[in-house]
Amino acid sequence: MELRVERLTASIDSSEIVKDIDLLLRSGEIVLLLGPNGAGKTTLLSAIAGLPRVHVSRGRILLGGEDVTPLPAYERAKKGIVLSYQIPPELTGVKVSRLAKLIAERMGGEDLIGALSNILEIDYLFERDAFRGFSGGERKRVEVFLTALTRPRFALLDEPDSGVDLDSIKLIAEAIRFMVEELRTGMLIVTHTRILAERVGVEAHGVVLKEGRIACSGRASELLELLEERGFDGVCGG
Amino acid sequence: MVSVVDREKVLKALEKASPYGPDIDLSAYKPAGSVYGLDSSMEGLEESVEKKIGVKPGQLSYLQWGETALAKAMSERFKEVGVTVEPLAQALKKYELARRLAWKLIEPDVDKYTAHTFLYGREAGYFVYVPPGVKTPWPVYTCLSLFTGYDEVQHAHNIIYVDEGAEAHVTTGCLVPHGKSGGLHIGVSEFYVAKNAKLVFTMLHSWGEGTHVRPRTVVRVEEGGQYLSYYALYSPVASVQTYPKVYLDKNANAKLVSVVAGTGNGYYDLGGEALLRGENASAELVSRVIASKGSKIYTRAKINASAPGGKGHIECLGLLMDNESIIEAIPVLSSSKQEVQLTHEAAIGMIAGEKIEYLMSKGFSEDEARSILLRGFLAAEVPGIPPAVKVEIDRIIDYIVRHAFG
Numbered sequence: 002m003e004l005r006v007e008r009l010t011a012s013i014d015s016s017e018i019v020k021d022i023d024l025l026l027r028s029g030e031i032v033l034l035l036g037p038n039g040a041g042k043t044t045l046l047s048a049i050a051g052l053p054r055v056h057v058s059r060g061r062i063l064l065g066g067e068d069v070t071p072l073p074a075y076e077r078a079k080k081g082i083v084l085s086y087q088i089p090p091e092l093t094g095v096k097v098s099r100l101a102k103l104i105a106e107r108m109g110g111e112d113l114i115g116a117l118s119n120i121l122e123i124d125y126l127f128e129r130d131a132f133r134g135f136s137g138g139e140r141k142r143v144e145v146f147l148t149a150l151t152r153p154r155f156a157l158l159d160e161p162d163s164g165v166d167l168d169s170i171k172l173i174a175e176a177i178r179f180m181v182e183e184l185r186t187g188m189l190i191v192t193h194t195r196i197l198a199e200r201v202g203v204e205a206h207g208v209v210l211k212e213g214r215i216a217c218s219g220r221a222s223e224l225l226e227l228l229e230e231r232g233f234d235g236v237c238g239g
Numbered sequence: 023m024v025s026v027v028d029r030e031k032v033l034k035a036l037e038k039a040s041p042y043g044p045d046i047d048l049s050a051y052k053p054a055g056s057v058y059g060l061d062s063s064m065e066g067l068e069e070s071v072e073k074k075i076g077v078k079p080g081q082l083s084y085l086q087w088g089e090t091a092l093a094k095a096m097s098e099r100f101k102e103v104g105v106t107v108e109p110l111a112q113a114l115k116k117y118e119l120a121r122r123l124a125w126k127l128i129e130p131d132v133d134k135y136t137a138h139t140f141l142y143g144r145e146a147g148y149f150v151y152v153p154p155g156v157k158t159p160w161p162v163y164t165c166l167s168l169f170t171g172y173d174e175v176q177h178a179h180n181i182i183y184v185d186e187g188a189e190a191h192v193t194t195g196c197l198v199p200h201g202k203s204g205g206l207h208i209g210v211s212e213f214y215v216a217k218n219a220k221l222v223f224t225m226l227h228s229w230g231e232g233t234h235v236r237p238r239t240v241v242r243v244e245e246g247g248q249y250l251s252y253y254a255l256y257s258p259v260a261s262v263q264t265y266p267k268v269y270l271d272k273n274a275n276a277k278l279v280s281v282v283a284g285t286g287n288g289y290y291d292l293g294g295e296a297l298l299r300g301e302n303a304s305a306e307l308v309s310r311v312i313a314s315k316g317s318k319i320y321t322r323a324k325i326n327a328s329a330p331g332g333k334g335h336i337e338c339l340g341l342l343m344d345n346e347s348i349i350e351a352i353p354v355l356s357s358s359k360q361e362v363q364l365t366h367e368a369a370i371g372m373i374a375g376e377k378i379e380y381l382m383s384k385g386f387s388e389d390e391a392r393s394i395l396l397r398g399f400l401a402a403e404v405p406g407i408p409p410a411v412k413v414e415i416d417r418i419i420d421y422i423v424r425h426a427f428g
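Following this line, the structure appears as structure tokens:
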């Protein structure tokens, strides 16, 4: 299956943030989305996921050929397009275990709870309020866990590795591999570092977003190498 | 005990309004009086008890209808394990302990409501005594129901004494029978938790339109004792005003949780004060309130430390469901000792759009997301609540969530 983004332009509060984006994701493949702060990466992911605060003014999103652009976020999630937040909000009184159960029941991921909580080492957080008082690593691991429980066809991971210790990155990378290999999830992952990229597959495709547009694309490993050498100004050959 | 009270002083206190909440003209109410038509009406009441507070009639140890106390079969079963559950009026005649405890934590002249109860209440209410080391095998279910509502006043004077090392769960449901409205309920409660004892007290309030409610509660927790209280109010009410006080001795601990769904023109003034008087005493006061349809909710919480090592935390969280309602949160911390840790958190707002959006991104519709968040908000927990009572609390929270969005 494919998730195709065609000439997508999206704005927040009538200010255009991403423009004319074309993107293709396939089941079981990983695309890394790179770009400096403010390039529009989070807005692009939010637009694909259908969050209400992002307005798509042009273009469309096709899931297996079906135009899902008019659908609200929860309908898209049910069809398999699921966003994993960079900073999920604190949910007072909503225990991780309860939210996991609700999501898993809804999306058919009950059988994944045990395996994923083992991979991400989050059992001890189950009786805590979701994201309340969590460390950076705990927050990311639980968010990836909840995302995976939706059995996403396509997961949009917004910086699952930022502000996270190395041990947590290893666990998150393992969960990503699990999703790709076991669930055949297609992944669009925003990242700033090579650490995660090296662990989820150097063969991944990479896309560089600058000022709301795709500046260039290629093998993620090469782009990351160039990025380290030249920074975002030089990565696309400029 | 009664003889040492200065009756003149109490009579004067009939004019003494509470510092909080709307003042009630007590002359507008007549005592609930004796019950008539008891047999024929009883069935309807028990149905109401089951429906509103989830307690089957057979589980009740004490039922007070208006001011008529009815000892129930369960109190006989408690006798077998040494636990006394009896109407207070009867206990005052039988037990020196009851006489020694009555009107000790709460002076009759505190305000017009305590004075009225002292002078005209005929000591209706319950008396629970748990002997040293005994753990109640079942929760003590008690129920206080107004009779007709309307212009009737119901007095209740309750005493619980959990003796050294003992443990008790007491659940009180207060209601007006289905289809009734109005009335005034005054409940005076004196709870004693002796050394290393534990009392888990749950109070579920389901009043009616037009009912005024004035509970007056004081708790004394001796060294190493623990008092855990869960209070839920989920029905319309004309006004409710309460400010329970908990005195804590050395190493004693208290947690008080209030979950309130305010609605209609109701005036809800709910407070609580923990007085950390002994070394290393600790307390947590938690309130989670939602206000809708023009209701006004005031949440007052105070922790007062006067001994070293005290720890306390106040959490007052409020959700406004519309722009007609009001929530005011007033957390107060006070200490006369340096070596204490007192903190508070207070927040009022609406269900955050960001949180709704987050849950929508995980496959929940907007309405489902609101329900999940509201249920979570209301799910403040008290450790040690018996499973049977927990089921009822969950049912109440379901009810609140179902009715919260119109």
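Protein chains in written order, with my numbering: chain A, 2 to 239; chain D, 23 to 428. In this text, a Cβ means the ideal position worked out from N, Cα and C, and glycines have one as well. Owing to the predicted nature of the structure, the values given are computational and were not obtained by experimental measurement.
If you draw a straight line from the alpha carbon of residue i to that of residue j, how long is it in whole angstroms?
i: GLY143/D; j: LYS101/D; result: 26 Å
i: ALA329/D; j: GLN363/D; result: 11 Å
i: ARG154/A; j: LYS79/A; result: 10 Å
i: ARG322/D; j: GLY109/A; result: 45 Å
i: ASP162/A; j: THR285/D; result: 45 Å
i: GLY59/D; j: GLY88/D; result: Only weak support exists for where GLY59/D lies, its pLDDT of 40 falling under 50; the coordinates are left without a value.
i: THR186/A; j: VAL222/D; result: 49 Å
i: SER63/D; j: PHE213/D; result: Because the pLDDT at SER63/D is just 49, under 50, the model does not fix this residue reliably, and the value given afterwards should be weighed accordingly. Looking at the two C-alpha atoms, the distance is approximately 32 Å.
i: ILE13/A; j: PRO353/D; result: 38 Å
i: VAL184/D; j: HIS366/D; result: 30 Å
i: GLY29/A; j: VAL181/A; result: 5 Å
i: ASP45/D; j: ALA260/D; result: 12 Å
i: LYS126/D; j: LEU119/D; result: 12 Å
i: SER15/A; j: GLY51/A; result: 16 Å
How would you list, in chain order, the residues of chain D whose beta-carbon sits under 9 Å from the beta-carbon of residue i?
i: LYS151/A; result: This sequence places Thr at residue 151/A; Lys is not what is there. Chain D residues near THR151/A: LYS384, GLY385.
i: LEU45/A; result: Residues of chain D passing the Cβ test: none, with the nearest at roughly 14 Å.
i: LEU117/A; result: Per Cβ cutoff of 9 Å: no residues; LEU117/A is ~14 Å from chain D at best.
In three-state DSSP terms, what is residue i?
i: GLY288/D; result: coil
i: ASP159/A; result: strand
i: LYS359/D; result: coil
i: GLN87/A; result: coil
i: ASN119/A; result: helix
i: PRO109/D; result: strand
i: PRO409/D; result: helix
i: ARG54/A; result: coil
i: MET23/D; result: With a pLDDT of 44 at MET23/D, under the threshold of 50, the predicted position of this residue should be treated as unreliable, though the coordinate-derived value follows. In this structure, MET23/D counts as coil in the three-state DSSP scheme.
i: ALA216/D; result: coil
i: GLY204/D; result: strand
i: ASP344/D; result: coil
i: PHE149/D; result: strand
i: ASP28/D; result: coil
i: GLU367/D; result: strand
i: PHE140/D; result: helix
List, in order along the chain, the chain A residues whose C-beta lies closer than 7 Å to that of residue i?
i: GLY398/D; result: LEU92, THR93, GLY94, VAL95
i: ALA401/D; result: GLY94
Any idea if residue i is buried or exposed, counting beta-carbon neighbours within 10 angstroms, 16 or more meaning buried?
i: ALA124/D; result: buried
i: SER85/A; result: buried
i: VAL289/A; result: What is shown of chain A runs 2 to 239, which leaves residue 289/A out entirely.
i: MET382/D; result: buried
i: ASN273/D; result: buried
i: LYS384/D; result: buried
i: ASN38/A; result: exposed
i: PRO41/D; result: exposed
i: ASN302/D; result: buried
i: GLN360/D; result: exposed
Closer than 8 Å by beta-carbon distance: list the chain D residues that pair up with residue i, in chain order.
i: VAL83/A; result: SER383, LYS384, GLY385
i: ALA74/A; result: GLU379, MET382, SER383
Cβ of residue i within 8 Å of Cβ of residue j?
i: LEU114/D; j: GLU414/D; result: no
i: TYR289/D; j: ASP173/D; result: no
i: ALA280/D; j: TYR253/D; result: The sequence as given places Ser at residue 280/D; Ala does not occur at that position. Going by C-beta atoms, SER280/D is nearer than 8 Å to TYR253/D.
i: VAL156/D; j: GLY104/D; result: yes
i: VAL311/D; j: VAL282/D; result: yes
i: VAL57/A; j: THR70/A; result: yes
Is residue i near the ligand ATP, in the sense that its beta carbon is under 7 Å from a heavy atom of that ligand?
i: GLU244/D; result: Absence of the ligand ATP from the depicted structure is noted, as is the absence of any ligand whatsoever, leaving it without description.
Taking C-beta pairs closer than 7 Å, name the residues in chain D that residue i reaches, listed in chain order.
i: MET108/A; result: GLY385
i: ILE123/A; result: Under the 7 Å cutoff, chain D gives no residues; its nearest Cβ is about 16 Å from ILE123/A.
i: PHE78/A; result: Here the sequence assigns Ala to residue 78/A, which means Phe is not the residue at that position. In chain order: SER383, LYS384, GLY385.
Closer than 8 Å by beta-carbon distance: list the chain A residues that pair up with residue i, in chain order.
i: GLU376/D; result: PRO90
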